[in-house]
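Only one structure is covered here, and it is reproduced in the block below.
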Amino acid sequence: MYGGWDGHGFMPFLPMLLIALPFAIGNYFLAERLKQPSWLWALLTLIPIVNYFFMLYAAYMVVYAVLDRLAPREASPEGG
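In this text, residue positions in the sequence shown follow the numbering used here: the first is 1031, and each later residue adds one.
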């Protein structure tokens, strides 16, 4: 029926989406704190295969944000 399609094409992606959903919610709020587009971060976290690369990007953005906040403290004469 329908050229050999059994109607279960979405089922393999369901576990990946269920695992990615908490990360998408977390990235939504993280993006707000980093002043990035929140909806885009959540959407990119939900897209299979793209989310692996995006999570690496998000991790580096967090590291850079932390380093940028620490940079003025290193420049101060008393060190903190």
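Each residue gets a CB set at the ideal place from its N, CA and C atoms; glycine is no exception.
All of these numbers come straight from a predicted model, not from anything done at the bench.
For residue i, which residues in the same chain have their Cβ closer than 8 Å to its Cβ, ignoring the five residues on either side in sequence?
i            : result
residue 1091 : 1064, 1066
residue 1055 : 1072
How is the alpha helix (DSSP H) around residue i delimited, first residue to last?
i            : result
residue 1046 : 1044-1063
Would you mind giving the Cβ-Cβ distance between residue i and residue j, rounded to the nearest angstrom? I have them listed as a contact below 8 Å.
i            : j            : result
residue 1057 : residue 1088 : 6 Å
residue 1047 : residue 1076 : 6 Å
residue 1080 : residue 1074 : 6 Å
Give me, in chain order, the residues of the same chain whose beta-carbon lies closer than 7 Å to that of residue i; leave out the 5 immediate sequence neighbours on both sides.
i            : result
residue 1050 : 1075, 1076, 1081
So, at 6 Å on beta carbons, what are the nonlocal neighbours of residue i in its own chain, with the 5 sequence-adjacent residues on each side left out?
i            : result
residue 1099 : none
residue 1061 : 1068, 1071
- List in chain order: all unbroken alpha helix (DSSP H) runs of 4+ residues lying wholly within the region 1065-1097. 1068-1076
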